[in-house]
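Numbering (the numbering used here), first residue to last: 410 to 529.
We treat Cβ as the ideally placed atom computed from N, Cα and C, and that holds for glycine.
Worksheet: one structure, shown below.
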């Protein structure tokens, strides 16, 4: 999924609300947005939108935001030599330390090790 937009777990699971959520995430993931920001932009409370999204996709809103950010982090690690602090800032993550924690939790490796493995 690197470099691609978010997509529902099943290709046949097209849903107007899910599409609106993914569009909003795509437009804003580089900013320090939260689930509350996305929900407010779409006219929902964060809890209600998270519940709806979890029912329709199996994952809560914050996971989708994080997934999109980490997809972009991987693209940037693969295609650039930018330091982690810059990558964190360009993907809406707090700082390099937070990026490393999220990356390791998701992929089981540090960003630096992942980057090195891509160049072999």
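Contact check, residue i vs residue j, beta carbons under 8 Å
| i | j | result |
| --- | --- | --- |
| residue 383 | residue 455 | Given a span of 410 to 529 for the chain in the structure shown, any question on residue 383 remains unanswerable. |
| residue 479 | residue 512 | yes |
| residue 477 | residue 438 | yes |
| residue 459 | residue 444 | yes |
Close beta carbons around residue i, own chain, < 6 Å, minus the five adjacent residues each side
| i | result |
| --- | --- |
| residue 528 | none |
| residue 497 | 504, 505 and 508 |
Residue burial classification, residue i (beta-carbon count within 10 angstroms, cutoff 16)
| i | result |
| --- | --- |
| residue 491 | exposed |
| residue 410 | Note that residue 410 scores a pLDDT of 48, beneath 50, so its modelled location is shaky and nothing firm can be said. |
| residue 495 | exposed |
| residue 481 | buried |
| residue 489 | exposed |
| residue 426 | exposed |
Residue interval of the alpha helix (DSSP H) (run including residue i)
| i | result |
| --- | --- |
| residue 456 | 455–466 |
| residue 451 | 444–451 |
| residue 432 | 425–437 |
| residue 520 | 520–527 |
| residue 475 | 470–488 |
| residue 494 | 493–499 |
| residue 503 | Taken as a continuous stretch (DSSP letters only), residue 503 belongs to no alpha helix (DSSP H), as it is neither H nor E. |
Cut-off 8 Å between Cβ atoms - residues of its own chain near residue i, not counting five sequence neighbours on either side
| i | result |
| --- | --- |
| residue 473 | 415, 430, 431, 434, 462 and 466 |
| residue 523 | 483, 486, 512 and 516 |
| residue 457 | 448 |
| residue 526 | 518 |
7 Å CB neighbourhood of residue i in its chain, flanking five on each side removed
| i | result |
| --- | --- |
| residue 440 | 501 |
| residue 471 | 444 |
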